[in-house]
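**Student:** This is the structure I want to talk about, given as structure tokens.
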Amino acid sequence: MPTLNDYKGIETTWCPGCGNFAILTGIRQALTGLGLPPHEVTVFSGIGQAAKLPLYTRCHYLNGLHGRALPLATGARLVNGRMKMIVVGGDGDGFAEGGNHFLHAVRRNVDLAYFVHNNQVYGLTKGQASPTSDRGFVTGTTPEGVVHGRFNPAGVAIALDAAFVGRTHSGDMQHMVRMMTLALQAGGFALLEILQPCVTYNKVNTLKWYREKAYDLETADPSYDPTDREAAFRKSLEWEDRFPIGVLYRGTRPAVVPGKDEPLALQTVPQRDITPLLDEFR
Amino acid sequence: MAKELSILIGGEAGQGIQSIGQVLARSFTRSGWRVFALQDFESRIRGGHAFTRLRVTTGEAQCHAPGIDILVALNAETIGLHRGELNDGARVIYDSGRVKEAETGAAFLGLDLAGICRESSGSSAMANTVATGAAWAMLGLDTPVVEAVLESTFARRGLETVNKNIAVLRAGYALGRPYSQAAPRLDPPDGRAGRLFLSGADAVALGALAAGVSFYSAYPMTPATSVMEYLIRHGRERGVVVEQAEDEIAAINMAIGASFMGARSMTGTSGGGFALMSEALGLAGCTEIPLVVLNAQRPGPATGMPTRTEQADLLFALFASHGEFPRVVLAPDGPESAFRLTAEAFNLADRLQAPVIILTDHHLMDSYWTVEGLPVGEVSLDRGVLAGPEELASGQNYLRYRITPSGVSPRAFPGQGTALVCSTGDEHDQSGHITEEPGLRSAMVDKRWRKLEQLGDRSGLECDLQDGADTVLVGWGSTGGALREAVRMRRAGGAKTSLVLLTCLWPFPEAQFRQAVEGQGRLVSVEGNSLGQLARLVRMETGLRADHQVLRYDGRAFCARDILEKL
Chain A
5 MPTLNDYKGI ETTWCPGCGN FAILTGIRQA LTGLGLPPHE VTVFSGIGQA AKLPLYTRCH
65 YLNGLHGRAL PLATGARLVN GRMKMIVVGG DGDGFAEGGN HFLHAVRRNV DLAYFVHNNQ
125 VYGLTKGQAS PTSDRGFVTG TTPEGVVHGR FNPAGVAIAL DAAFVGRTHS GDMQHMVRMM
185 TLALQAGGFA LLEILQPCVT YNKVNTLKWY REKAYDLETA DPSYDPTDRE AAFRKSLEWE
245 DRFPIGVLYR GTRPAVVPGK DEPLALQTVP QRDITPLLDE FR
Chain B
56 MAKELSILIG GEAGQGIQSI GQVLARSFTR SGWRVFALQD FESRIRGGHA FTRLRVTTGE
116 AQCHAPGIDI LVALNAETIG LHRGELNDGA RVIYDSGRVK EAETGAAFLG LDLAGICRES
176 SGSSAMANTV ATGAAWAMLG LDTPVVEAVL ESTFARRGLE TVNKNIAVLR AGYALGRPYS
236 QAAPRLDPPD GRAGRLFLSG ADAVALGALA AGVSFYSAYP MTPATSVMEY LIRHGRERGV
296 VVEQAEDEIA AINMAIGASF MGARSMTGTS GGGFALMSEA LGLAGCTEIP LVVLNAQRPG
356 PATGMPTRTE QADLLFALFA SHGEFPRVVL APDGPESAFR LTAEAFNLAD RLQAPVIILT
416 DHHLMDSYWT VEGLPVGEVS LDRGVLAGPE ELASGQNYLR YRITPSGVSP RAFPGQGTAL
476 VCSTGDEHDQ SGHITEEPGL RSAMVDKRWR KLEQLGDRSG LECDLQDGAD TVLVGWGSTG
536 GALREAVRMR RAGGAKTSLV LLTCLWPFPE AQFRQAVEGQ GRLVSVEGNS LGQLARLVRM
596 ETGLRADHQV LRYDGRAFCA RDILEKL
């Protein structure tokens, strides 16, 4: 059985106290919990502090361009149905630069687990507002406070009928690992929104803030049915006073899951005889 | 009798102009003539003015020729726009149901196409088949070959459609027959059977299929879309995954992701889409992930002229994306080389672990040629240097970016073994981890550049040299056909002329080029852009200046006469 140590990568360059550390630990726990060895897992990422995560684990990874992790993973998934594939990124990477790809990855419903580290602020570029920043949030680029509407990842994913929409925060390891595990088993496009603190640039949405506002959907309402899309959408709108964590939604749309047999990408390149095709041109 | 004839079929988009052209051209090809077909259409679905210009010959047909011997006009505008191009003895077939005030007389044959269709119990949608029959009759040719072409064209739609088309064809043929005596006639063909009639887009798609492409992603963009459509039509059952992406940025990133996993991957677009792809082109360069990118050019900048032609992305293709990394830019000039170079592009991408760009344009993609065949037997598969069993079992010790004398690192795919494949667009060490160490950075840049040596002495140009030539014509891509004919015409007039066609624009085949033009006469570049981009490239790489430039940038393709007039 794989152990946590198998997934231990090189030293990180994150700030002390960053929520990314807990998420990294959570991913390692979830993967070992599923009994997956590193060579059966590929992690895709774009750019940002969260997108550095693959470098700090040990498994296959492709660390690409800002906002473009989902298309990279989509191409990979379409030619390999056997590998477990995770996409990681932050709120800027996923919803600003990568917003269009996010919409279409959900719509496409390919089998990918998308873990978004949402700290509601830009860390790598030193503290500007992000698409998920709350109204009134003061940053270097919004000195009078954010005036735009907050991008609601869960709400958008439910609107587009994702296979799985979950939310958790990095202050509750047990809950986070459980959500990661469920997302990895969803069998279609799974969005897991992971709220995390940015200890350097976000003094508002702290771990304390998440702990106070978050409530576990399952314990709060045992009768909650995550396949009820309208109810899920209503849940996704709760934010200001308190917000739900847990499995918000499970879609029922068929997912794109390439066959688990010999992946197309690993088959010998076929020497195709195109001669029969030439008749069409005679 | 004539060695060649030009037939122009014009009307509104949506009237079936292309299908008349296709049926006629296939019939000529099957009968043993050669055809070149130029498509001219506006960026609209219906209406406007569109035409197909066929050049039918007993000799070479690699570009269009001015003048019209038979004009098929499906609307009045076609007569107005093209009457000035009619050659002596030309004949005009027009739709008298739509053209009210056309001339009468021996040269003009008015046919009520829709009415004839009704009388022959066909639908009015078959009007173009009536016109096809009339045109074929005028040339004094027999119908069976056209009937056979209609049969293969409409077989998919059932026997009834085939029979109705044949019936209206015969009706048109009977009406055109009396006019055949006075109409221009073609020399008999050389009778060779088995030739193909296909477009550059067909050839690119067939080349990719032959090379074992297994993933293609694109966002629809004229004139590259036909490649995606062909691969969906014929590739899926042959194991090709085709994904229509949300934009060109996604398209190229998907192809990179699929190639990272080990699939032979390709993406295709036109200049504007290629501009969007340029960032990810650098990702393929830095991560050393093989990738084939088709840029089917059209006039820019911005949206330019979406259905017209231009060769103005040459310098852009060479330098697209930030930073420095090796790439190959190939330039086919017709269907055979489009097939050959597309198939080879996959091998080059794998051997160099780098992006390979195929630079075509509207003129090459959407024109049709009769060719003897495609070099199917020449296609071989070379996946480059792959990791062996020991490396595949090396787990976390696998070095994806091992620094080797050739610059190429043995490649493993995720899931092949325990070897962990780690790739990043950040500068990285041999294992694929980020580094900012100065020595390593330089070593990695050098390693990547060394890979180009894999090209060896691969030929990057096609030459037709004549001793003592006073002029060397230099060109690339779809101007090739017009250039070859211009050379033939000049030589026929007694002027010694040489031709150098660049088939690989980057890395620029400097030594080969110097050797070709050395001791020859004045250097004339012929290109479809306003800057003289090829001439600039030649100057940059060899120091040689073009003595004269022939440039065209009105969105239309060169024909041989255009070139000769400007020499």
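These protein sequence lines are chains A and B, in that order. Numbering follows the numbering used here, with no gaps: position 232 of the first sequence is 236. Numbering follows the numbering used here, with no gaps: position 342 of the second sequence is 397. Backbone N, C-alpha and C fix where the C-beta goes; we use that ideal spot for every residue, glycine too.
1. Counting only beta-carbon atoms, is Ile31/A nearer than 7 Å to chain B?
2. Quick one: which chain B residues come within Cβ less than 8 Å of Arg86/A?
3. Given a threshold of 16 other Cβ atoms within 10 Å of its Cβ, counted over all protein chains shown, does Thr3/A qualify as buried or as exposed?
4. Hey, out of Asn122/A, Val142/A, Tyr60/A, whose CA is closest to Pro42/A's CA?
5. Give me the Cα-Cα distance between Ala238/B and Ser61/B, rounded to the nearest whole angstrom.
6. Rounded to the nearest angstrom, what separates Tyr11/A and His64/A at their Cα positions?
7. Can you name the residues of chain B whose CB is closer than 9 Å to the CB of Arg62/A?
8. Output needed for Val400/B: all residues of its chain with C-beta closer than 7 Å, excluding positions within five of it in sequence on either side, in chain order.
9. Run down chain E in chain order and give the residues with a C-beta less than 7 Å from the C-beta of Gln275/A.
10. Can you find a CB in chain A that lies within less than 7 Å of the CB of Ala305/B?
11. Whose C-alpha, out of Ala128/B, Arg108/B, Thr113/B, Ala131/B, is nearest the C-alpha of Ala120/B?
12. Find out if the Cβ-Cβ distance for the pair Phe252/B, Thr84/B is shorter than 7 Å.
13. Helix, strand or coil: which one does DSSP assign to Leu194/B?
14. With a threshold of 7 Å between beta carbons, is Gly68/A in contact with chain B?
15. Quick one: grab the DSSP three-state call for Asp229/A.
16. Please work out which residues of its chain come closer than 6 Å, Cβ to Cβ, to Asn84/A, disregarding the five sequence neighbours upstream and downstream, and give them in chain order.
17. Measuring only between beta-carbons, confirm whether Glu301/B sits less than 7 Å from chain A.
18. Excluding the five sequence neighbours on either side, which residues of its own chain have a C-beta within less than 6 Å of the C-beta of Met276/B, listed in chain order?
19. Report the residue from Ala498/B, Glu202/B, Asp245/B, Ala300/B whose alpha carbon sits nearest the alpha carbon of Thr78/A.
20. Can you pull the chain B neighbours of Ala4/A, defined as C-beta to C-beta under 7 Å?
21. Less than 7 Å separating the beta-carbons of Ala92/B and Ala80/B?
22. Going by the CB atoms, is the gap between Ala133/A and Phe168/A shorter than 7 Å?
23. Do three or more CB pairs link the segment 529-548 of chain B to the segment 498-508 of chain B at distances below 8 Å?
24. In or out: Gly624/B buried (at least 16 other Cβ within 10 Å) or exposed?
25. Locate the beta strand (DSSP E) running through Lys219/B, then write down its first and last residues.
26. If I'm right that Val579/B touches Ala601/B with Cβ under 8 Å, what's the distance once you round it to whole angstroms?
27. Terminal residues of the continuous beta strand (DSSP E) containing Asp609/B?
28. Using a Cβ cut-off of 7 Å, pull out every chain A residue sitting near Leu338/B, in sequence order please.
29. Give the range of the beta strand (DSSP E) segment to which His173/A is assigned.
30. Thinking just about the alpha-carbon of each residue, which of Val529/B, Leu520/B, Pro460/B, Arg513/B is nearest to the one in Ala498/B?
31. Please list the residues of the segment 78-103 of chain B that have a C-beta atom closer than 8 Å to any C-beta atom in chain A, keeping them in chain order.
32. Quick check: the segment 295-314 of chain B against the segment 116-130 of chain A, are at least 3 beta-carbon pairs closer than 8 Å?
33. Starting from Arg108/B, follow its DSSP beta bridges and name the residues at the other end.
34. Going by DSSP, which residues form a beta bridge with Glu4/B?
35. Please classify His104/B as buried or exposed, where buried requires at least 16 neighbouring CB atoms within 10 angstroms.
36. Counting along the chain, where does the beta strand (DSSP E) carrying Tyr214/A start and finish?
**Tutor:** With the given structure in hand:
1. no
2. Gly470
3. Residue 3/A lies beyond the residue range present for chain A, which begins at 5 and ends at 286; the question has no answer from this structure.
4. Tyr60/A
5. 12 Å
6. 11 Å
7. Gly450, Gln451, Leu475, Cys477
8. The sequence as given places Ala at residue 400/B; Val does not occur at that position. Contacts found: Val347, Leu385, Val411, Ile413.
9. Looking for chain E here will not work: the only protein chains present are A and B.
10. yes
11. Arg108/B
12. yes
13. coil
14. yes
15. coil
16. Pro267, Ala269
17. yes
18. Thr324, Ser325, Gly328
19. Ala300/B
20. Residue 4/A cannot be examined here, being either before or after the span of chain A that is shown, 5 to 286.
21. yes
22. no
23. no
24. Residue 624/B is absent from the model: chain B starts at 56 and stops at 622.
25. Not the beta strand (DSSP E): Lys219/B falls in the alpha helix (DSSP H), residues 214-231.
26. 7 Å
27. Unbroken run through Asp609/B: none, as it is neither H nor E.
28. Gly68, Leu69
29. 168-173
30. Pro460/B
31. Arg81, Thr84, Arg85
32. no
33. Leu63/B, Leu93/B
34. With chain B represented from 56 up to 622, any question about residue 4/B goes unanswered, as that position is not in the structure.
35. buried
36. Taken as a continuous stretch (DSSP letters only), Tyr214/A belongs to no beta strand (DSSP E), being part of the alpha helix (DSSP H) at 211-217.
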